[in-house]
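What follows is a single structure, written as structure tokens, with notes after it.
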Amino acid sequence: MKIFSKIYGDGQEHLIIIHGLFGMCDNWNTLGKKFSEYYTVHLVDLRNHGRSPHSDEFNYDLMSSDIMKYISDNNIKEPSILGHSLGGKVAMKVAIDHPNIINKLIVADIAPKKYNTSFHQDLLLKISKINLNLYSKRNDVEKALSYTISDFNIRSFILKNLYRNEFKNFSWRFNVKGLLHQLHNIQDDSFVKGKCNVPTTFIRGGNSDYIIKEDEVKIQQHFIDCSILTIKNAGHWLHAEQPVEFFQVVLNSLSAK
């Protein structure tokens, strides 16, 4: 699948940034532009997200293949990859399968293990029950969501995906139906096997439980040239909560010899 991207900068080295579940490349615009002072930055939309095509198929093999097609189509030589959450797992898959073409791997707040997706499944169910054809104002959609999604931050994050389609009607950028039926596939961690020698940095939020102490052994078993760093006072969305420190940690990891 040919995926959508935004490209910033013209550095000799390339950095591909992959968003998380329900996200899109737009979420990384600010940091992407900062990184573009040093790299050619590629902000990509995963399949079923953002402006990339929708598909009934959604798994790590396909998402990894999409990234590899993007690398090939754009003639990118030895890129580094930064992935957050779901994007971090996709980035791991790419590095594990193609270690010789990846320069460095940065994984933000996700471990190579299975995660319970019931929360995200429930979220998609609630979103799927909103009939967007009933609404002409963005505030009305927000109000409709508020009855079942009480968390303002989650609601705001989801609403970033709301847009008007070619018929001027509201629509979701992510594939609600497709993700609802395929979400179980992202629980899979079977792609994590063998040893990957790509220089890797795992960055976790100090207030997040996505990477816990017990995960460090498995991380270091599979990623043999690996550092695990923590950003204090940050949760799962560490790049949004502590953007200055996150930027510096990533930059240091990418520039380390």
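Just so you know, we're using numbering that gives the first Met the number 0 here: the sequence shown kicks off at 0 and counts up by one.
We put the beta carbon where it would ideally sit given N, CA and C, even for glycine.
- Distance from the CA of D60 to the CA of T229, rounded to the nearest whole angstrom, comes to 29 Å.
- Boundaries cannot be given for K231, as no alpha helix (DSSP H) includes it and DSSP labels it neither H nor E.
- Around E213, the same chain offers no residue with a beta carbon nearer than 6 Å, after the five sequence neighbours per side are excluded.
- Approximately 5 Å separates the beta-carbon atoms of S207 and D108; this is inside 8 Å, confirming the contact.
- Within the same chain, I227 come within 8 Å of E215 by CB-CB distance, once the 5 residues on both sides are set aside.
- Looking at the backbone, the Cα of L161 and that of K256 are separated by about 42 Å.
- The shortest C-alpha to C-alpha distance from I202 to any of N232, H183, F3, L182 is the one to N232.
- Nearest C-alpha to N115 among K33, T29, N184: N184.
- The beta carbons of V40 and G31 sit closer together than 7 Å.
- Membership of R203 in the beta strand (DSSP E) is indicated by the continuous run 199-204.
- Residues of the same chain with a CB within less than 8 Å of the CB of P242, apart from the 5 flanking positions on each side, are T29, L30 in chain order.
- Comparing alpha-carbon positions, the option among F169, D121, N168 lying closest to S149 turns out to be D121.
- In this structure F57 touches G177 by the C-beta definition: roughly 6 Å separates them, less than 8 Å.
- Taking all protein chains shown into account, N47 has 16 or more neighbouring C-beta atoms within 10 Å of its C-beta and is therefore buried.
- In the structure shown, Y59 adopts helical secondary structure according to DSSP, grouped into three states.
- K112 and C225 have their alpha carbons spaced roughly 16 Å apart.
- With 16 or more other Cβ atoms inside 10 Å of its own Cβ, N26 counts as buried.
- One Cα belongs to P98, the other to I157, and the distance between them is close to 34 Å.
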